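**Student:**
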Amino acid sequence: MIRRYEQADLTACAAVFCAAFSAEPWNENWTDSLAETRISELMCSPLSVGYVYEENGEIIGFAAGRNVTYLFGREYMIDEFCIRPERQGRGTGSEMLTFIAADQKRSGTVNIVLNTSKGLPSEKFYLKNGFRQAENMIFMSLNLTESYYKS
Ligand SMILES: CC(C)(COP(=O)(O)OP(=O)(O)OC[C@H]1O[C@@H](n2cnc3c(N)ncnc32)[C@H](O)[C@@H]1OP(=O)(O)O)[C@@H](O)C(=O)NCCC(=O)NCCS
Numbered sequence: 246m247i248r249r250y251e252q253a254d255l256t257a258c259a260a261v262f263c264a265a266f267s268a269e270p271w272n273e274n275w276t277d278s279l280a281e282t283r284i285s286e287l288m289c290s291p292l293s294v295g296y297v298y299e300e301n302g303e304i305i306g307f308a309a310g311r312n313v314t315y316l317f318g319r320e321y322m323i324d325e326f327c328i329r330p331e332r333q334g335r336g337t338g339s340e341m342l343t344f345i346a347a348d349q350k351r352s353g354t355v356n357i358v359l360n361t362s363k364g365l366p367s368e369k370f371y372l373k374n375g376f377r378q379a380e381n382m383i384f385m386s387l388n389l390t391e392s393y394y395k396s
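Counting in the working numbering, the sequence shown runs from 246 upward without gaps.
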């Protein structure tokens, strides 16, 4: 069953998140506590909307995002999306995206946007699910511990 995220899902979603991003190809150093902090921050806004894939009472997939108004209508911005490593590659992520797109469309959202790393399998996943790279956009960041804003 795919349904909207609820506060009570936090611990289980943090576990899915940690498992997914600690594995190849991300190899990130997430702890349960750090993951819980990130997810609760993403999900605490009145604009936050998340989704879970639940099977026999266990959460195997999770998405966190926000509905934000843009020029031409309201967008759904996906901040995090992951499936338990042992369940990846079996259509679960695609099923979740189909559900999310339908649910968002029903509530008037006109566009879904997200960032992901170039060249990793997730890029292919989103392309396969109808997403297209915005040709006129680049992702930028400013490191405040290394840049000239440091002092
Ligand atoms: C990316 C992710 C959400 C896709 O969900 P999924 O259930 O594995 O994907 P599906 O089975 O619906 O779709 C499979 C397609 O996704 C791509 N894919 C991405 N990651 C994959 C993985 N770990 N295993 C298999 N396919 C993967 C492939 O293109 C595959 O198509 P193919 O079999 O024709 O090559 C999931 O693999 C995941 O959580 N990965 C780790 C975290 C991550 O990358 N999150 C997105 C970052 S924004």
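Note that CB positions come from ideal geometry on N, CA and C, so glycine has one too. Values in this document were obtained by computation on a predicted structure and should not be read as measured data.
Would you check whether ligand 1 has a heavy atom nearer than 7 Å to the C-beta of Lys369?
**Tutor:** Yes, Cβ of Lys369 sits closer than 7 Å to a heavy atom of ligand 1.
**Student:** So Gly306 and Val261 are supposed to be a Cβ contact under 8 Å. How far apart are they, rounded?
**Tutor:** That pair is a contact at about 7 Å.
**Student:** Relative to the alpha-carbon of Ser290, which residue among Arg311, Trp271 and Arg283 has its alpha-carbon at the smallest distance?
**Tutor:** The residue with the shortest Cα to Cα distance from Ser290 is Arg311.
**Student:** Could you give the uninterrupted runs of the beta strand (DSSP E) lying entirely in the region 303-327, keeping only those of 3 residues or more?
**Tutor:** Runs of the beta strand (DSSP E) inside the region 303-327: 303-315.
**Student:** Pull up the distance between the alpha-carbon of Arg351 and that of Phe344, whole angstroms please.
**Tutor:** One C-alpha to the other measures close to 11 Å.
**Student:** Helix, strand or coil for Gly353, going by three-state DSSP, please let me know.
**Tutor:** The answer is coil: DSSP assigns Gly353 none of H, G, I, E or B.
**Student:** Measuring only from the beta carbon, is Gln333 closer than 7 Å to any heavy atom that is part of ligand 1?
**Tutor:** Yes, the beta carbon of Gln333 sits closer than 7 Å to at least one heavy atom of ligand 1.
**Student:** Closer than 8 Å is the cut-off here; do at least three beta carbon pairs connect the region 279-297 with the region 380-389?
**Tutor:** No: fewer than three Cβ pairs fall under 8 Å.
**Student:** Considering only heavy atoms of ligand 1, does any lie closer than 7 Å to the CB of Gly338?
**Tutor:** Gly338 Cβ: within cutoff of ligand 1.
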